[in-house]
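If you read the protein sequences in the order shown, they are chains A and B. As numbered in my numbering, residues 1 to 430 make up the first sequence, in order. As numbered in my numbering, residues 1001 to 1405 make up the second sequence, in order. Glycine is no exception: its CB is placed at the ideal position from the N, C-alpha and C atoms.
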Amino acid sequence: MAMMARTIRNSASRRTMMMSRPIFGLRSMSSWWKNVEPAPKDPILGVTEAFLADPSPDKVNVGVGAYRDDNGKPVVLDCVREAERRIAGTSFMEYLPMGGSVKMVEETLKLAYGDNSEFIKDKRIAAVQSLSGTGACRLFADFQTRFNPGSQIYIPVPTWSNHHNIWRDAQVPQKTYHYYHPETKGLDFKGLMDDVKNAPEGSFFLLHACAHNPTGVDPTEEQWREISQLFKAKNHFAFFDMAYQGFASGDPARDAKSIRIFLEDGHHIGISQSYAKNMGLYGQRVGCLSVLCENEKQAVTVKSQLQQLARPMYSNPPLHGAQIVSTILGDPELKSLWLKEVKIMADRIIGMRTTLRESLEKLGSPLSWEHVTKQIGMFCYSGLTPEQVDRLTSEYHIYMTRNGRISMAGVTTGNVGYLANAIHEVTKSS
Amino acid sequence: MDSVFSNVDRAPEDPILGVTVAYNNDPSPSKLNLGVGAYRTEEGKPLVLDVVRRAEQQLVNDPSRVKEYIPIAGLADFNKLSAKLILGADSPAIQESRVATIQCLSGTGSLRVGAEFLKKHYHQSVIFIPKPTWGNHPKVFNLAGLSVEYYRYYDPATRGLDFQGLLEDLGAAPSGAIVLLHACAHNPTGVDPTPEQWEQIRQLIRSKSLLPFFDSAYQGFASGSLDTDAHSVRTFVADGGECLIAQSYAKNMGLYGERVGALSIVCKSADVASKVESQVKLVVRPMYSSPPIHGASIVATILKSSDMYNDWTIELKGMADRIISMRQQLFEALQAKGTPGDWSHIIKQIGMFTFTGLNKEQVAFMTKEYHIYMTSDGRISMAGLSTKTVPHLVDAIHAAVTRVV
């Protein structure tokens, strides 16, 4: 650049130096952005925006996946409040390392891999603190593009809509695999296994570890074992998105079963973990990306490269949420309190599933609502069509995403009757 | 089973953050960390501003506070207040709703999100950055898919601005090219254009339809005055043209690890600003969904209370003044010792960093023999110095320039 500048120095620079007049026509120049189109609203977050704008006193928000208590109020866990009390006034707010809080990551790996995991002992896991689950998935996608260029990601149908955005922005081509069976409102196991078998050897697959979003449909333990065996035969890479550990069954170890099966079977997996739901830390953006490697040396190497991707994105991750997590998980009493509180949240949701199903059955619905209690986690894939969802919104002020996904966390003893009735009304003639 | 990542090579240590890693590993009692740009008190301790502690307590004691997801674009009041802070409360751009402001992860995050937006929506994908610049800048822009070119900036001979070179290089840039400008307290050199030079730069940039992208990481921290340090940005905005601004609260509010910042895109009209904001959200969602709540809540709490805001400006000036005083002390001590060379750049440069002019070998020598940690480009963080440690640094510099060439 400098060289080019020197060669045109004589003419360009003299003109430049003589320029002390005001710039003509600046105000008449049009915007650089006049061709920018308004972006479509995010399908999920747009639902809450619409809900908030609705003045109806009957309105119900079963859209975005944030937990609500039985009064429909957001919850800050007691263990979190206590952790915050301990942190306030003591932290120096210095930069974390690029890889984030070492303590937080250590505790987080224990949750996913097991307290006594040999992989942790052998230091075979490359792990960095991430911006919740989204950030972990994005870092992994960027890593995949850089170190496995040409690889694709197989994504289940359906999946959280942002998964598509993440791998697209990381420029990783996407393929899909069968997952949800609309007829049974359960798992299309045969379709899934066929797609896994037909994928080229060494393909990358995105798996939801538990509480599949948006369907709530999970493979059984036996099915997970079969999936793992087939993955082994095909040498596929399994990337687990675990956003609901503890939140699904109420038992974190049980919710990590799929991961533990793959680990037992010798897979080198990747995991995205989030504390948004199970610790209620949504807005703090706290999570962890881990990649199981062959040995310690490789783990150090991979971690160094993950950091190289984080540095030009945000330099280092935010401190506060990580401090809350370390404080809680590092203190046996607080950890025990957390486990209790997670179970309470999970149990309330399971209870609401039962109540919703029973209410619909009592109303004499012609349809089967068995799936409401078979599915697990925050979401119920109701089977409602987009048109039925639109009716729920326009006639009953009930807000959910148009794929018929109901956030069970938004269902309360106060609104379950109203919700069941509305669903019955829009489906009774089908 | 073989790992799919067995071909991955180990990445080199980040040159800036790696300095602190090395410092931490050094057992010497006389070690001095002049590496990463985090403020230190006279006692060499990190500082949490009093006003930040008060905001923290306010937040933790408020039982109605929840931790829900904040909007993709961040906290609305934080965004409004941040725009006011950099542009001035009376800015016509704000009054005309022409500014799209999005909370991001400190300066880095603001730069990256802005760059990704430009890659998607702007007709030019080349960005001109000053030579030298913060080591992370080229990586941020490269990963966003922009190509990076350099414009001359620092003159090693004068240890000041190569103004001629700057004008030539920007004058030769293709029309519409993006230009990264350090709003004040250039990192790593501490060399800033004068107001008159800024005016010439502005005219050149506007005449060539170049797109300014300001990195404002030190507002208030450089001169001690928030308004003075925003002067360059405000004159550009006052001419009615468009620009991008990345703001950081890491240094001026001491919120480093909380990752608080904002990207503002100043547009020609409110309608355009609104569309632009909607598109920036599409960049954010697949990156991290929404920004972290805590740091932004602290900032908003402080900026919206006139008492806390005033107290903040006093503490901020205190930090800036201590750094200016360190510059003075270092300069005078080098004079007194008779260290060869002209060291006046130490007091002419501004902000957290001094570009000493020491070369790689001299730096390595100072680290090895005197346990002074700094980046190999000769940059020292003045914030890491204290009255007590100035003599040790002076000894080191003196030894380096007399014994290592």
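Residue-level contact to chain B via CB, residue i, 7 Å cutoff
i       : result
V302(A) : yes
M313(A) : yes
T413(A) : no
A39(A)  : yes
M408(A) : no
L96(A)  : yes
M93(A)  : yes
A88(A)  : yes
L329(A) : no
E222(A) : no
L462(A) : For chain A, the structure presents residues 1 to 430; residue 462(A) sits outside this window and is missing.
Minimum Cβ-Cβ distance from residue i to chain A less than 7 Å
i        : result
E1043(B) : no
I1302(B) : no
P1092(B) : no
R1054(B) : no
R1098(B) : no
H1294(B) : yes
H1121(B) : yes
V1404(B) : no
A1011(B) : yes
T1108(B) : yes
K1067(B) : yes
F1005(B) : yes
Proximity of residue i and residue j at Cβ, strictly below 7 Å
i        : j        : result
A105(A)  : A136(A)  : One point to set straight first is that residue 105(A) is Val, not Ala, in the sequence displayed. No; because the gap between Cβ atoms is not below 7 Å, this pair is not in contact.
N278(A)  : G246(A)  : yes
L1105(B) : G1220(B) : no
A420(A)  : L339(A)  : no
G1088(B) : S1248(B) : no
Q284(A)  : G321(A)  : yes
L187(A)  : H178(A)  : no
P312(A)  : K1139(B) : yes
A1400(B) : M1366(B) : yes
D255(A)  : A248(A)  : yes
F1213(B) : I1178(B) : yes
Y1154(B) : T1194(B) : no
R348(A)  : V372(A)  : no
Y1150(B) : L1166(B) : no
A1396(B) : I1380(B) : no
Assigned exposure category for residue i - 16 Cβ within 10 Å defines buried
i        : result
L52(A)   : exposed
R1403(B) : exposed
N1187(B) : buried
N1025(B) : exposed
F1005(B) : buried
A112(A)  : buried
G414(A)  : exposed
V1394(B) : buried
T90(A)   : exposed
G1338(B) : exposed
I1314(B) : exposed
Distance, residue j Cα to residue i Cα
i        : j        : result
V1284(B) : S326(A)  : 27 Å
N316(A)  : S1306(B) : 31 Å
A243(A)  : P1012(B) : 32 Å
Q174(A)  : Q1197(B) : 50 Å
L1226(B) : L206(A)  : 48 Å
T1354(B) : K110(A)  : 44 Å
L392(A)  : A1273(B) : 34 Å
M1287(B) : S1030(B) : 42 Å
E107(A)  : S1269(B) : 49 Å
S258(A)  : W224(A)  : 6 Å
N1033(B) : A50(A)   : 52 Å
M400(A)  : V389(A)  : 7 Å
D1229(B) : Y1218(B) : 8 Å
S101(A)  : A1383(B) : 24 Å
Q1349(B) : F1331(B) : 12 Å
beta-carbon residue i near the ligand NAP non-hydrogen atom, thresh 6 Å
i       : result
I269(A) : Because no ligand of any kind appears in the structure shown, any question about the ligand NAP cannot be addressed here.
Is it the case that the stretch 144 to 155 of chain A contacts the stretch 1286 to 1299 of chain B, given that we only count it when at least three CB pairs across the two stretches are under 8 Å?
Short answer: they don't touch.
Should the stretch 292 to 310 of chain A be called in touch with the stretch 1034 to 1048 of chain B, which here means at least 3 C-beta pairs below 8 Å?
Touching, no, given that fewer than three Cβ pairs across the two stretches are closer than 8 Å.
With contact counted as at least three CB pairs below 8 Å, one residue from each stretch, are the stretch 222 to 241 of chain A and the stretch 256 to 263 of chain A in contact?
Judged by pairs of C-beta atoms under 8 Å, the stretch 222 to 241 of chain A touches the stretch 256 to 263 of chain A, as three or more such pairs exist.
Evaluate contact between the stretch 1108 to 1117 of chain B and the stretch 1127 to 1145 of chain B, counting only Cβ atoms and requiring at least three cross-stretch pairs below 8 Å.
Cβ pair count under 8 Å is three or more, so yes.
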